[in-house]
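Structure record follows, encoded as structure tokens.
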Amino acid sequence: MSPLMMRHEDSTDPCPAFTPRKRLKQAHLPLKIQRQPKVLTLIEQFAMSPEEAAQEAAATNQVQWLQNLLSSPQFHAKMNGTAQKLTEIAATHGHSDAIVAVYKWWDCLDSRQKRRVGCGRAHFLALENGHFEAFVGLQALYNKMDMSEGLNAALENGHQRVVDTICKNLPYSKSLAWAAQFGRLEVIRIVMGQEGFDTHR
8 MSPLMMRHED
18 STDPCPAFTP
28 RKRLKQAHLP
38 LKIQRQPKVL
48 TLIEQFAMSP
58 EEAAQEAAAT
68 NQVQWLQNLL
78 SSPQFHAKMN
88 GTAQKLTEIA
98 ATHGHSDAIV
108 AVYKWWDCLD
118 SRQKRRVGCG
128 RAHFLALENG
138 HFEAFVGLQA
148 LYNKMDMSEG
158 LNAALENGHQ
168 RVVDTICKNL
178 PYSKSLAWAA
188 QFGRLEVIRI
198 VMGQEGFDTH
208 R
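End of the sequence shown sits at 208 in my numbering; the numbers just go up one at a time, nothing left out.
This is the structure we're talking about:
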């Protein structure tokens with residue numbers, strides 16, 4: 008079986024970008040086939056490019072399928088862009104396992120290079136969609152990235168646990184400077200209320 012087809016039958020986490028049969032909209036299939044959803048799903052999967060299949064695997068947290076796809080040499084030439092896109096998709100859907108799988112595949116670069124490529128947007132997407140655990144996972148993997156955007160999104164969306172976590176992990180001086188710049192008194196209160204608060208940290 009090809010890597011494109013190695014997805015789990017019991018996938019229940021839909022991804023709007025990869026709605027089954029989207030690619031078959033213009034296909035003229037016999038009525039007998041059209042009445043069989045499982046057959047249409049298989050045809051849909053065969054119609055995917057490897058890139059689309061990897062994106063669906065990340066969006067539905069099908070780690071084994073994702074790993075099989077990423078083992079293909081065709082992804083190695085565009086590793087940075089692929090890793091960035093898949094991390095963003097997994098973060099949007101809150102799939103920490105897929106985030107870790109992509110991170111491990113991307114192990115030919117050190118974390119500084121990974122940060123430079125720009126997975127900071129993945130933090131923002133996880134926060135924006137309310138996926139706290141995915142955010143924490145991203146923070147563990149890319150912990151020195153700029154969280155200012157994420158902090159702003161968390162404040163705007165009322166994710167207090169996320170705000171607290173970011174404030175605890177950003178350097179105090181950076182959090183305070185950001186809060187002063189944008190008039191965020193709540194951030195100043197959180198930072199200054201932390202145990203062991205030190206403006207030099």
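Glycine included, each C-beta is placed from N, C-alpha and C at the ideal position. Remember, it's a predicted structure, so these values are computed and weren't measured experimentally.
The Cβ-Cβ distance between G101 and A141 falls below 7 angstroms. V70 and V143 have their alpha carbons spaced roughly 19 angstroms apart. By alpha-carbon distance to P178, the top candidate from V169, D205, A187 and R168 is D205. C-alpha of A108 to C-alpha of I40: approximately 36 angstroms in a straight line. A distance below 7 angstroms separates the beta carbons of Q62 and I96. It is roughly 41 angstroms from the alpha-carbon of Q81 to the alpha-carbon of K181. The Cβ neighbour count for A84, taken over all protein chains shown within 10 Å, is under 16; the residue is labelled exposed.
Of the residues assessed, S103 falls on the buried side of the cut-off, its CB having 16 or more other CB atoms within 10 angstroms. Taking the Cα of A65 as reference, the smallest distance to any Cα among T99, N164 and V194 is reached at T99. For M199, the enclosing alpha helix (DSSP H) starts and ends at L192 to M199.
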